[in-house]
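**Student:** One point on numbering: in full-length UniProt numbering, the residue at position 72 of the sequence shown is 72, and numbering is uninterrupted.
Cβ coordinates follow ideal geometry from the N, Cα and C atoms, glycine included.
Take a look at this one; I'll ask things after.
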Amino acid sequence: MSPSLTVSRIAAQQGSVLRDLRTASLREAPYAFDETLEDALLVEPSSFDQTAVLHANSPRLATFLLYTEGHACGLVHAYIEDAPEARAFVSALWVAPAVRHLRGGELLVNVASQWLAEQGAAEVHAWISEENRTAMRFYERLGFGPTGDRRAMPSHAEEAESLFVLHMHSERHA
Ligand SMILES: CC(C)(COP(=O)(O)OP(=O)(O)OC[C@H]1O[C@@H](n2cnc3c(N)ncnc32)[C@H](O)[C@@H]1OP(=O)(O)O)[C@@H](O)C(=O)NCCC(=O)NCCS
């Protein structure tokens, strides 16, 4: 039987859970993210505590955690950029290998997108490494498409990433 998967917003006291998930994701899928494991390990653990407090309460930043049988097994960040365009993004998406292909990634992105919509966003963006064909297929299956914007990855300057966008009202609520 498939384990049941649930998603909830991070709670203020879950800094150590956030640190564990983030370091696990950077260790397991270093090709996928703008930060390196070394970067994350250099960050003071107390900084994850501060991030958890912020992401539990802010109207512009949130982290959503995936659980199976009470264990945290994935995450996604959702944020509205602090710039005049105020575009909405999901980032840092990761699902533990043991629970992949069970729609946990889809649940995380859906819950994060719903929260961004509640904050007023009509579109959700995601930067995806061009090497990461799995993530591209995953996001395309959810209705995201390429914007044509590209940039060098901050963590691996020799790699490029592409900006994808989901138009929520036309795709999600059709
Ligand atoms: C991308 C990721 C979050 C998907 O999580 P998931 O819980 O397996 O996703 P879902 O079960 O909701 O959807 C899986 C779908 O994504 C696509 N997909 C996932 N893994 C795939 C793979 N290895 N090859 C091809 N397509 C794949 C397929 O469309 C797949 O559908 P299927 O399971 O019916 O074949 C997960 O593979 C992951 O954490 N990867 C490493 C980190 C990463 O790349 N993050 C994204 C950064 S932009």
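(1) If we count the other Cβ atoms within 10 Å of its Cβ and call it buried at 16 or more, is Ser4 buried or exposed?
(2) Check the DSSP bridge columns for Gly70 and list the partner residues they point to.
(3) Quick one, are the C-beta atoms of Leu108 and Val17 less than 8 Å apart?
(4) Look up His101 in the DSSP assignment and say whether it is helix, strand or coil.
(5) Can you check which of these residues, Arg19, Gly104, Val76, Pro59, is closest to Asp82 by C-alpha distance?
(6) Less than 8 Å between the beta carbons of His101 and Val90, yes or no?
(7) What does a CB cutoff of less than 6 Å around Val165 pick up in its chain, not counting 5 residues either side in sequence?
(8) Determine contact between the stretch 15-32 and the stretch 47-66, defined as no fewer than three beta-carbon pairs at a distance below 8 Å.
(9) Looking at the strands, I want to know which residues DSSP matches up with Ala126.
(10) For Phe144, which of helix, strand or coil comes out of DSSP?
**Tutor:** Here's the rundown:
(1) exposed
(2) Its beta-bridge partners do not exist; DSSP assigns none.
(3) no
(4) coil
(5) Measuring from the Cα of Asp82, the nearest candidate turns out to be Pro59.
(6) no
(7) Short of 6 Å from the beta carbon of Val165, and not among the five residues preceding or following it, lie these beta carbons of its own chain, in chain order: Glu123, His125, Thr147.
(8) At 8 Å Cβ cutoff, the stretches touch.
(9) Phe164
(10) coil
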